[in-house]
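Asker: Quick one: the structure is below, questions incoming.
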Amino acid sequence: MRRRSCLRWSSSLRGVLLRKGRQRLLFIGGRDVSERGVDWYVARADGSEAAKTTAYDSLDAMGAASLQDPPIPTAWGRDGAVLTETTANDRSNVWRLTLSPSTGQLVGVPRRLTFGTAIERHPAIAATGRIAFSSLVENVDIWRVPLDDATGVAS
């Protein structure tokens, strides 16, 4: 069998996921670094041409995407659900998008799953459809304690 590559055109690839049951790849990339055509693409695992999903454009229209830190697909469920994390506008939230099993195109609109003030990252999806993610809360405290004038030690 001769190998073919659908990925040779992409200047940068990240977040490559394999959907075993359908033998498809999902990844974020762009055909040219100068092009604003960064998006998620779905391709057959055999190397056939990749199709743009329009997921990035949809997230961008909702104010949830940035080119500096684009949303990378992190989990792909059996029902076509794809989870991602976004960091646009100084927020970090988990989103769910649905891709058509037959075309790989975005179905409907992205749905924001988390609304907290924490840094919500690393979503995963189980075979049952249950979702897990990490939530980091940073707490910075400034303390004032008296110091001994001679030694500089807290007293």
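With the numbering used here as the guide, the letters of the sequence shown map in order to residues 56 to 210. Glycine residues also receive a C-beta, built at the ideal position from the N, C-alpha and C atoms.
1) LYS107 and ASP124: beta carbons closer than 7 Å?
2) Under DSSP, the beta strand (DSSP E) around ASP94 begins and ends at which residues?
3) Under the three-state reduction of DSSP, which class applies to LEU161: helix, strand or coil?
4) Are the region 111–120 and the region 140–154 in contact at 8 Å, needing three or more beta carbon pairs?
5) For the candidate residues ALA130, THR109, VAL71, SER189, whose alpha-carbon lies nearest to that of GLY163?
6) Contact check, GLY135 vs ILE180 under 8 Å by CB: the rounded distance?
7) Quick check: ARG176 and GLU140, are their CB atoms within less than 7 Å of each other?
8) Enumerated in chain order, which unbroken segments of the beta strand (DSSP E) with a length of 3 residues or greater are wholly contained in the region 126–209?
9) When the Cα atoms are used, what is the spatial distance from ASP203 to ALA209?
10) Sort out for me which residues DSSP pairs ALA106 with in a bridge.
11) Quick check: what's the CA-CA separation for GLN160 versus ALA98?
Answerer: Let me lay it out:
1) no
2) 94–99
3) strand
4) yes
5) THR109
6) Contact doesn't hold; Cβ gap of about 11 Å is too wide.
7) yes
8) 127–131, 136–141, 148–154, 161–167, 174–180, 186–191
9) 6 Å
10) VAL97
11) 11 Å
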